[in-house]
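Participant: Questions regarding the structure given below will be posed in turn.
Chains as they are written, first to last, in the working numbering: chain A, 1 to 314; chain B, 1 to 522; chain C, 1 to 587; chain D, 1 to 295.
If you want it as structure tokens, here you go:
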């Protein structure tokens with residue numbers, strides 16, 4: 001069991017390394033000169049060249065890569081071209097904000113998906129079953145930023161219950177909840193609908209299994225059979241899908257952060273790209289990639305816990 | 001106290017969307033019902049002065065352009081110095097609301113007859129926020145450091161030759177050649193005074209002599225000042241200022257509606273001003289700015305090199321509808337390169353009024369028929385809106401325009417300013433007196449006129465305002481005649497303020513936004 | 001059960017059948033696939049699939065036996081009209097069921113012990129120390145070390161063990177009636193025997209009655225007292241085992257008995273099938289043979305004279321024998337081994353020894369049978385013979401040249417001369433390809449015209465209408481699909497035909513037709529046949545020589561009749577004894 | 001040949017496996033619903049090539065943000081352009097982006113999936129590792145960087161979204177192919193001396209046709225949503241090409257005073273995405289659900 005986990009962590013590390021190579025050299029080709037972007041319209045050529053040297057942008061790519069990658073894992077991700085302050089703290093702050101937002105999103109998604117998905121499956125041959133699956137279909141087709149805009153229009157501008165944007169750290173307690181409510185809802189609505197569809201499919205699949213018939217033959221009523229035996233088996237595919245959904249949520253957060261003016265990874269990334277802040281872009285993209293791979297790793301390690309068949313008898 | 005929202009506001013405001021959507025509010029509404037929206041930020045009761053102003057209040061102001069960092073000596077763009085100048089940093093002189101030069105750290109000054117020597121008498125008893133004394137050495141250090149600047153056009157003060165210290169509180173600045181604009185540039189960011197030992201971390205900290213002390217800057221989120229209690233002049237009107245940065249105009253508009261901020265400066269949510277004007281709690285204040293939105297035409301293009309063609313394009317563009325699309329009608333239509341707040345401003349809107357038929361004749365006389373041009377457009381709302389109207393106007397006279405959106409600033413600056421690879425391009429030049437660039441042929445406008453350069457030199461050598469104004473007027477006339485570019489409009493400087501907030505500067509003079517006389521009353 | 005009719009929407013599948021089961025009686029319900037036997041069983045326990053509906057009346061409880069006075073109201077419960085609560089109360093308690101597929105019948109995520117204790121807790125919540133009751137149940141079905149087994153997950157147990165757990169689960173609360181839907185069809189012969197004995201013992205011990213569903217006559221005669229035969233949703237005949245098996249009245253029953261015990265036509269030596277002309281008066285096998293317990297099976301006469309094969313047995317001390325040695329054999333195999341699984345550098349390497357050194361010959365034109373239970377290595381051997389897999393060590397020569405270690409390009413000649421027929425008629429034909437494309441697949445260089453002509457010729461040879469060429473596999477029955485597979489195998493006129501459990505998935509009646517077809521084609525094409533099966537009777541009929549495999553080795557090999565009649569190796573003896581066959585009347 | 005070799009056709013219907021009635025072909029209502037919505041969008045795109053009520057690019061600053069009227073059926077937007085024509089013309093870009101994304105996603109994903117399955121022991125493992133890395137790059141992230149690098153254009157959007165779709169397709173195709181290769185008809189083909197290319201074309205592709213169509217419809221839906229998001233961030237199709245995403249972005253600033261300008265394109269996007277999703281679900285039920293490897 002441990003051996004298997006070690007192997008997976010090894011593969012994870014290798015994947016991260018290769019990803020860092022891809023990220024660095026993909027961004028190396030970025031046209032638009034970072035120095036020029038800083039100095040603005042009026043700067044003369046020598047001034048731009050001077051800044052270029054100062055930022056070390058003109059050194060060969062491999063040298064810059066080594067410097068960046070060694071720094072990345074010791075927390076010192078280099079100095080941002082734009083803000084001239086170390087990238088590390090800025091990225092970590094933004095990461096914390098986005099993580100909180102994404103966790104809020106997953107919370108809402110799961111709260112919507114599980115009941116909706118299970119009900120849609122259990123009553124799939126009755127009219128309200130098709131209604132539930134229709135609802136989840138509709139949820140998927142609304143872009144999450146449109147959902148965000150509508151939520152702002154109703155809950156903050158019209159009713160004035162919640163702020164229309166901005167962010168408060170968790171330490172601010174209720175204020176934090178009030179600021180995260182709408183964005184998490186906007187993020188969770190769409191992904192909840194997607195998760196609901198997978199849950200419905202998984203539960204339908206499980207209901208066709210032979211051991212469900214055995215459970216009924218033992219004297220369990222349909223509801224009890226589903227709860228005792230069905231749901232846990234349906235959990236296995238749903239957990240796998242959640243890891244894929246997690247990656248979608250991070251990206252959904254980029255758009256939501258722009259609508260709700262939240263200083264997360266998304267809005268920082270878009271600003272960094274506009275300023276050609278190479279070091280910042282690299283660090284953020286690496287953070288996102290590592291986050292996604294980490295989640296995949298966690299889900300891979302979690303699956304044998306749920307499904308004994310995957311536990312290779314050590 | 002700030003205006004709080006109540007349920008009644010919902011129906012009484014009657015915005016169509018609010019009404020119909022509120023009724024069909026989604027069942028899964030988020031937590032936190034309840035009408036009263038607690039004010040964010042602590043707000044201890046301060047004693048109210050005679051006119052009800054609460055000098056201990058804090059004010060939060062929504063801003064648009066995000067400063068990359070705090071060092072405006074190496075970072076371009078107005079965002080950095082517009083927040084810090086006059087609030088944290090101060091120069092020898094400053095511009096007042098009408099754009100006149102007023103004393104600041106220099107009590108008084110004299111200019112020699114040949115205009116090449118300026119002698120300043122300095123304020124006494126002025127200290128930096130970290131306690132360093134302000135004296136002649138500081139002035140000498142700051143002005144001589146100008147050649148280390150790499151942003152915000154330090155070459156404008158290239159004429160400064162040397163700075164001599166007469167005594168602790170008097171200093172003489174010698175110029176290599178007379179430059180009438182010198183005082184104007186000294187009133188801007190170039191004139192800011194720095195203390196020598198805080199020059200190393202200019203990007204992350206700000207140590208000046210101004211009415212506010214710099215507290216913190218959360219990159220691209222919010223910047224905070226606190227009142228400088230031992231300020232040499234009269235103290236600031238509020239205890240603390242919080243500048244909150246909204247990259248999206250309508251997000252800022254929503255914020256002021258829901259009490260997230262008390263005021264907004266440089267707002268570009270043009271379409272929402274009508275609805276704001278309808279509400280009596282929010283006051284819309286329209287001032288002017290230094291901006292010139294100009295569509296430049298590349299002289300290297302063989303058709304655009306001909307005067308008739310440029311004039312034809314100028315006449316074919318309906319500036320009214322361009323401004324209506326870009327700023328919902330707010331701002332001033334321009335005929336020439338100068339802005340209404342420039343002392344030498346003349347209204348040239350009549351010279352090339354909108355006349356598509358005349359434009360068509362001009363094109364025919366230059367026997368140019370199927371002209372097709374590329375139009376480089378930065379990805380900014382005002383530019384894209386204007387470009388689409390211009391494209392439509394020019395297609396009326398048979399000129400086929402293809403739009404090419406470019407990401408601003410990086411790609412647009414590289415393609416147009418560095419490589420000058422464009423037929424038409426459009427940008428809003430926010431720096432004050434930006435028409436001075438017509439003196440430099442290598443600037444992206446590519447305008448090379450000997451006559452213009454003589455007039456520029458003549459203006460620079462002027463010793464008094466009238467002389468300077470008359471030569472500048474002559475210069476603008478020449479430029480309008482040559483039409484190297486189509487000057488479209490001068491965007492407004494729109495400020496929004498909730499009830500009780502006063503003292504916000506009306507006009508944008510291209511220097512610092514002076515917040516010292518802002519007050520908040522009950 | 002009175003007038004039970006099961007229909008899917010408008011289409012009736014079971015047409016009004018009636019029968020009774022008295023207390024403690026063991027009744028067999030026999031029928032081929034599609035006869036409606038499972039639907040009948042499922043309607044009793046009320047677990048029919050959603051699209052199906054059942055009408056009529058099924059009384060469960062006290063069947064009015066002679067003892068009760070006519071007037072008293074039979075206090076039984078009508079299962080068809082009972083509501084979910086009533087049914088839930090008696091399922092698992094007074095009425096329980098065992099299903100066919102042991103691999104998927106248990107919840108993979110729940111320990112075996114918990115699934116067992118659940119059935120007790122549902123019906124007898126207040127039973128003290130359920131743990132001991134579970135251990136007792138497990139040992140009652142002969143599962144070793146019950147305490148440890150209770151903590152194990154289903155996937156860690158064999159098919160036989162799982163079926164025994166299902167049996168224990170069904171019998172936990174001593175049901176009045178046990179329903180068993182083909183409980184041992186998926187098991188190996190030896191395992192099947194043990195499970196059947198166990199089932200009979202448990203049912204007798206608990207005094208419950210049994211309704212046993214199967215298509216295998218031999219199994220029924222081992223287990224039941226009375227038998228009901230169904231065809232196309234109707235009962236064609238019913239009665240005591242002895243009476244029905246010795247003097248069947250209905251022609252279908254007669255044909256079924258003949259086909260399942262592989263009886264051959266006295267003159268042609270061909271197997272009797274459903275369509276054997278009615279005029280032929282079927283003479284029941286003379287009494288004595290049935291009594292001796294060995295079905296009368298005579299091997300069909302091989303085409304050319306066969307070399308004299310001596311009857312060899314693997315014994316521990318002697319050197320590994322080379323079986324069936326022949327000079328200039330069609331296939332020569334020496335010391336063949338195959339191990340699966342990575343022996344990893346660090347940690348325990350988990351390898352599985354599929355073949356542990358196998359050597360034998362197959363003479364030209366010979367019909368070589370391979371028999372063994374699942375896991376004995378016979379399918380691995382087939383893969384190696386057809387070069388679809390490479391051996392770990394050892395040599396294989398086909399018609400004199402080696403096929404080990406050759407790349408696909410050099411094996412072109414092998415592909416033309418050796419072809420394969422698979423077990424599952426569903427899986428061996430690509431559902432998306434027309435019959436013509438399927439059959440013509442092995443033909444490489446031929447014009448469209450030649451291919452079409454060859455396909456029509458083959459269809460006719462395997463007894464299918466020419467019109468079948470344009471159709472798709474889902475339009476055919478199991479037997480017809482197997483004929484298409486055989487046609488494909490003969491497309492390139494191979495010398496060697498490998499049949500991997502070619503008839504195991506077919507109904508008894510169809511099996512006879514396919515075996516007859518195979519015999520004819522082997523003669524017509526002078527094929528060398530390698531026939532693999534787990535069913536000794538089929539191998540005995542179709543093959544001249546049979547090799548018995550166990551644990552990756554050949555344990556015994558020799559002429560079919562002598563190996564079957566007098567098995568030397570103890571394992572072979574156990575195999576022969578485990579074959580269920582029609583025995584004397586019920587006690 | 002004695003006649004008893006001729007098979008008597010015992011049962012015409014495919015045999016019932018012990019009591020489980022063969023599953024009815026479900027999913028038809030979904031296919032009809034999805035099909036109608038998708039064809040509605042296709043008709044809009046085709047019609048808009050020839051005719052639109054007004055010229056979608058004609059700006060008319062005087063009556064901007066006009067409410068629906070006879071001339072402007074759905075009113076006008078911030079620049080005074082006719083919303084009805086823009087919604088019609090705007091359908092072309094998302095469909096093009098959808099088509100391009102699915103094309104790129106499939107040309108990369110399908111071969112990788114099949115090759116990875118066929119060389120499952122050796123190279124297949126590394127191929128899938130590479131696939132995981134590509135999957136770790138969320139498509140929209142790629143789109144943002146590419147759009148900023150080469151300037152916003154439909155081409156960059158399609159490449160980025162196509163690259164984003166490819167790993168998903170590869171993963172699904174690989175598991176579908178593994179299932180097909182494990183079936184006995186594949187073994188029979190190999191035994192008949194048929195090479196991997198023949199197997200891929202004649203056996204694998206026809207049998208995973210169901211999955212491919214479902215992935216295509218899901219891919220289309222994701223692409224349309226992503227194009228809208230990209231345009232919302234100002235990195236999508238540049239003006240003046242009308243696209244729903246751009247209309248949503250332009251509409252955002254006037255949400256308070258003219259909500260309709262944002263509701264029409266929003267509904268259009270929802271209808272298109274709903275259509276493709278319903279079609280995908282319906283088709284998945286239509287083809288053998290056993291091959292339901294879309295998870």
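Here a beta-carbon is modelled for each residue, glycine too, at the ideal position from N, C-alpha and C. Note that the coordinates shown come from a computational prediction; the quantities given were computed from them, not determined experimentally.
1) Would you call residue 50 of chain D buried or exposed, if buried means 16 or more other Cβ atoms sit within 10 Å of its Cβ?
2) Taking the Cβ atom as the reference point for each residue, do residue 253 of chain A and residue 187 of chain A lie within a distance shorter than 8 Å?
3) Measuring CB to CB, does residue 482 of chain B end up less than 8 Å from residue 449 of chain B?
4) Measure from the C-beta of residue 74 of chain C to each C-beta in chain D and report whether the shortest distance is under 8 Å.
5) Tell me which residues of the region 249–264 of chain A have at least one Cβ-Cβ distance to chain D shorter than 7 Å, keeping chain order.
6) Can you check the region 296–344 of chain B for any alpha helix (DSSP H) of at least 4 residues that lies completely inside it and give the ranges in chain order?
7) Let me see if you follow: with CB-CB separation under 8 Å, is residue 22 of chain D close to chain A or not?
8) Taking the straight line between their C-alpha atoms, what separation do you get for residue 8 of chain C and residue 230 of chain C?
9) Based on Cα-Cα distance, which residue from C:519, C:162 and C:135 lies nearest to residue 367 of chain C?
10) I believe residue 59 of chain B touches residue 265 of chain B by the beta-carbon criterion, under 8 Å. Please report the beta-carbon distance rounded to the nearest angstrom.
11) Please look up how many angstroms separate the CB atoms of residue 80 of chain C and residue 58 of chain C, rounded, as I've assumed it's under 8 Å.
12) Using a 10 Å radius around the Cβ and a threshold of 16 neighbouring Cβ atoms, would you call residue 149 of chain B buried or exposed?
13) Can the beta-carbon of residue 421 of chain C be found less than 8 Å from the beta-carbon of residue 547 of chain C?
14) Could you tell me whether the Cβ of residue 87 of chain D comes closer than 8 Å to any Cβ of chain B?
15) Whose C-beta lies closer than 7 Å to the C-beta of residue 245 of chain B among residues of the same chain, with five residues either side of it excluded?
16) Chain A beta carbons: is any one of them nearer than 8 Å to that of residue 476 of chain C?
17) Report the neighbours of residue 5 of chain A on chain C: residues whose CB is nearer than 9 Å to its CB, in chain order.
18) Near residue 21 of chain D, what residues of its chain come up, given a Cβ to Cβ distance below 6 Å and the 5 sequence neighbours on each side ignored?
19) Find out if the Cβ-Cβ distance for the pair residue 255 of chain D, residue 250 of chain B is shorter than 8 Å.
20) Take residue 146 of chain C and list the residues in its own chain whose beta-carbon comes closer than 7 Å to its own, dropping the five residues that flank it on each side.
21) Give me the residue from A:75, A:28 and A:154 with the minimum Cα distance to residue 59 of chain A.
22) Could you pull out every residue in the same chain whose Cβ sits closer than 7 Å to the Cβ of residue 284 of chain B, ignoring the five residues on either side in sequence?
23) Excluding sequence positions up to five away, which residues of its chain have a Cβ less than 6 Å from the Cβ of residue 193 of chain A?
24) Can you list the residues of chain B that residue 252 of chain D reaches, using a CB-CB cut of under 7 Å?
25) Determine whether the Cβ of residue 274 of chain A lies closer than 8 Å to any Cβ atom of chain B.
26) Hey, is residue 237 of chain A's beta-carbon within less than 8 Å of any beta-carbon in chain C?
Facilitator: This is what the structure gives:
1) exposed
2) yes
3) yes
4) Confidence in residue 74 of chain C is poor, its pLDDT being 48 and thus under 50, which makes the residue's placement unreliable; the coordinate value appears in the next sentence. Output row for residue 74 of chain C: interface = no.
5) 250, 251, 254, 255 and 258
6) 307–316 and 319–327
7) In this prediction, residue 22 of chain D scores a pLDDT of 38, lower than 50, which makes its location untrustworthy; no coordinate-derived value is stated.
8) 19 Å
9) C:519
10) In fact, because the Cβ distance is near 11 Å, the residues do not count as touching under 8 Å.
11) 5 Å
12) buried
13) no
14) no
15) 63, 66, 220, 221 and 222
16) no
17) Going along chain C, no residue has its Cβ under 9 Å from residue 5 of chain A, so there is no contact; the nearest lies around 12 Å.
18) Bear in mind that the predicted position of residue 21 of chain D carries a pLDDT of just 36, short of 50, making it unreliable; the figure below should be weighed with that in mind. For residue 21 of chain D, where only same-chain residues beyond five positions count, there are no Cβ hits under 6 Å.
19) yes
20) 135, 138 and 139
21) A:28
22) 273, 276, 277, 494 and 496
23) 136, 139 and 140
24) 250
25) yes
26) no
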